[in-house]
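Asker: The structure that follows is given in the form of structure tokens.
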Amino acid sequence: MEADLPRTGLLRRLFPLPPSQIGAADSWTTFGARTPRAARKASSVVLLRDSPRGVQTYLGYRPGGSPLGSVAFPGGSFEADDDDLTAWFGPSIGWWAERLGVLDHRITRSHIVCAVRELFEETGILLAGADPLSIVENCNTEEWMQVREDVAGQDVSFTAMLAKRGLGLRTDLLRPLSHWISPDFAHRRFDTRYFAAALPPQQEATLLRDKGVWAGWKSAAEVLEHRTEPLLGDEVGQEDTRGLDLSRITTPAVEFLLEKIATTRGTVAYLSHRRPVKSYHPKLVCIDGSYYLDVSISTASEGGAAARGR
-7 MEADLPRTGL LRRLFPLPPS QIGAADSWTT FGARTPRAAR KASSVVLLRD SPRGVQTYLG
53 YRPGGSPLGS VAFPGGSFEA DDDDLTAWFG PSIGWWAERL GVLDHRITRS HIVCAVRELF
113 EETGILLAGA DPLSIVENCN TEEWMQVRED VAGQDVSFTA MLAKRGLGLR TDLLRPLSHW
173 ISPDFAHRRF DTRYFAAALP PQQEATLLRD KGVWAGWKSA AEVLEHRTEP LLGDEVGQED
233 TRGLDLSRIT TPAVEFLLEK IATTRGTVAY LSHRRPVKSY HPKLVCIDGS YYLDVSISTA
293 SEGGAAARGR
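In structure tokens form, the structure reads like this:
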């Protein structure tokens, strides 16, 4: 649903609330607004590749009512070792801090390390190399799967793993996209920076053994074409996805990004486009007895995006 707000130059987007969040919304509205729970800093990576069906992105199932959505891009919150010093190829910390609008360079470094680490844990894609021009190949071996499990289980830190193998982060392969803060009423809240990256040559995305439930490459255009149907939710096949349309299994951030991907000419075009890193903070609203997440965007920069109908 969308509505123009002419005196503010904003477009109002309303997204139906996932059923898993209704209890928290009821509590928030019944007992009155309170101090929101602290939002954990997090990073997420939109992994892209070209296909005959248009640009595809890698989506996965996230259990437990994740702030990133039940179906979302790879990502997660900071870990203690994410601000460790590590070999770094590509734009400097200062460049990234300026692009992200983050003054603290340690937080900036943590966002980048977290993004690369979470992508590696969840998909096996490793944006790292021995020098500024190389990148790891063939990360789908049994040895690499064990490494992923060790990192995901925090048996070894991600930065220590890179150092042991003489690898540095290829930060030039990441592109900053946007900044989203979870709604105030939510029981679990993330302060998330979204990045984009192309699928590297000689690497293939796979589920983490014994922990992954569902993941796959999906055409952004096709997902949006069926956004009012339970097609994707039924394919994922979990209790909190079956029979539900797109808005009820994911977050406004995922829908916004899918809309942008669906209209791009290709992965290179999407990654080469320089865009401001805008911040979004959805608000809870109740209309005709139903809850929605309200996101307002500038009509000057975002006009023309397809809206989720109600």
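Position 16 of the sequence shown, counted from 1, bears residue number 8 in my numbering, the numbering being contiguous throughout. A virtual CB, placed ideally from N, CA and C, is assigned to each residue, including glycine. This one's a predicted model, so the numbers in the text were calculated from it and none came from an experiment.
Where does ALA100 fall in DSSP's three states?
Answerer: In the sequence as displayed, the identity of residue 100 is Thr instead of Ala. In the structure shown, THR100 sits in a helix (DSSP, three-state: H, G or I).
Asker: What does a CB cutoff of less than 6 angstroms around PRO124 pick up in its chain, not counting 5 residues either side in sequence?
Answerer: For PRO124, where only same-chain residues beyond five positions count, the Cβ hits under 6 angstroms are PHE81.
Asker: Can you tell which of PRO59, ALA190, PRO55, ALA16 has its C-alpha closest to the C-alpha of ARG162?
Answerer: When each option's Cα is compared against that of ARG162, the closest is ALA190.
Asker: Excluding five sequence neighbours on each side, which residues of the same chain lie with their C-beta closer than 8 angstroms to the C-beta of ILE99?
Answerer: LYS33, ASP75, listed in sequence order.
Asker: In whole angstroms, give me the CA-to-CA distance for SER102 and VAL139.
Answerer: When rounded, the distance between both Cα atoms is 20 angstroms.
Asker: Could you tell me which of SER288, THR243, ALA178 sits nearest to ALA30, measuring between CA atoms?
Answerer: Nearest option by C-alpha distance: ALA178.
Asker: Please return the same chain residues whose Cβ sits closer than 6 angstroms to the Cβ of TRP226, not counting the five positions on each side in sequence.
Answerer: For the record, residue 226 in the displayed sequence is Asp; it is not Trp. Excluding positions up to five away in sequence, the list reads ARG234.
Asker: Helix, strand or coil: which one does DSSP assign to LEU379?
Answerer: Absent from the model: residue 379. The displayed extent of the chain is -7 to 302, so no value can be given.
Asker: Can you list, in chain order, the residues of its chain whose CB lies under 8 angstroms from that of LEU165, leaving out five sequence neighbours each side?
Answerer: Counting only Cβ-Cβ distances below 8 angstroms, and skipping sequence neighbours, we find GLY82, LEU119, ILE127, ALA189, ALA190, PRO192.
Asker: Report the option in TYR186, ALA152, SER211 whose CA atom is closest to the CA atom of ILE351.
Answerer: As displayed, the chain neither begins before -7 nor continues past 302, which places residue 351 out of reach and without an answer.
Asker: From ALA299 to GLY68, what distance separates their C-alpha atoms?
Answerer: Annotation note: pLDDT 39 at ALA299 (below 50); position unreliable, no value reported.
Asker: So, is GLY145 buried or exposed, given that buried needs 16 or more other C-beta atoms within 10 angstroms?
Answerer: Its Cβ having fewer than 16 others within 10 Å, GLY145 is exposed.
Asker: I'd like to know if the stretch 10 to 18 and the stretch 207 to 221 are in contact, where contact means that at least 3 CB-CB pairs between them fall below 8 angstroms.
Answerer: These segments do not touch.
Asker: Where does VAL277 fall in DSSP's three states?
Answerer: Correct three-state label for VAL277: strand.
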